[in-house]
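Chemist:
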């Protein structure tokens, strides 16, 4: 597996349109804006980094890192639905957690829906720790200490 990443670009919306046809991904992203509206809204948010991961040049996953003033961040990840259960999620997380792009942070939190065991175990596999907390949105909190 030869992972690389780059900033998410408008041309990546075509890939996401196909990915978002997946029933499981639609369930997780319910109520989202149209992709075009979403893209033009999120590119203006200065504390968010939207990153496309590639394997041998083809898109395999997308990560969003939202940074906060206290050297913490939250992270979200989704993988091309056709490539699930092949290790891309954990490889993407391992890659990003060891990259200088997050080197200035002290910790990263993932918010996982309780009925999403695949995501939960993916984050746990790379060292995220379940905080035993469900937030007001019903999400399980997992954290990863960088420092």
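Numbering (UniProt numbering), first residue to last: 1 to 147.
In this text, a Cβ means the ideal position worked out from N, Cα and C, and glycines have one as well.
Using beta-carbon positions only, say whether residue 112 and residue 74 come within less than 8 angstroms of one another.
Modeler: No, the pair does not count as a contact, with Cβ atoms beyond the cut-off.
Chemist: Is it the case that the Cβ atoms of residue 3 and residue 92 are separated by a distance below 8 angstroms?
Modeler: Contact: yes.
Chemist: Going by Cα to Cα distance, which pick from 129, 70, 85 is closest to residue 61?
Modeler: Among 129, 70, 85, the Cα nearest to that of residue 61 is on 85.
Chemist: With H, G and I counted as helix, E and B as strand and the rest as coil, what does DSSP make of residue 66?
Modeler: Of the three classes helix, strand and coil, the one that applies to residue 66 here is strand, per DSSP.
Chemist: Spell out a yes or no on whether the segment 11-23 and the segment 89-104 are touching, meaning 3 or more CB-CB pairs, one atom from each, closer than 8 angstroms.
Modeler: Contact fails: fewer than three Cβ-Cβ distances are below 8 angstroms.
Chemist: Tell me the DSSP secondary structure of residue 55 in three-state form.
Modeler: Looking at residue 55 - three-state DSSP - the assignment turns out to be strand.
Chemist: Count the other C-beta atoms from every protein chain shown that fall within 10 angstroms of the C-beta of residue 129, then say buried if there are 16 or more, exposed otherwise.
Modeler: Its Cβ having fewer than 16 others within 10 Å, residue 129 is exposed.
Chemist: To test your reading of the DSSP string, which unbroken alpha helix (DSSP H) runs of 4 or more residues are found completely within the UniProt domain "N-acetyltransferase" (3-147)?
Modeler: Entirely contained in the UniProt domain "N-acetyltransferase" (3-147), the alpha helix (DSSP H) runs reaching 4 residues are, in chain order, 13-19, 23-28, 35-42, 88-97, 117-125.
Chemist: CB-CB under 6 angstroms to residue 71, same chain, minus the five flanking residues each way: which ones, in chain order?
Modeler: Closer than 6 angstroms at the Cβ level, and outside the excluded window around residue 71, lie 105, 106.
Chemist: Going by beta-carbon coordinates alone, are residue 124 and residue 142 separated by less than 8 angstroms?
Modeler: Cβ distance < 8 angstroms, so residue 124 and residue 142 count as in contact.
Chemist: Are the CB atoms of residue 66 and residue 47 within a distance shorter than 8 angstroms?
Modeler: Yes, the pair counts as a contact, with Cβ atoms nearer than the cut-off.
Chemist: Tell me the rounded alpha-carbon separation between residue 114 and residue 64.
Modeler: If you take the alpha carbons of residue 114 and residue 64, they lie about 20 angstroms apart.
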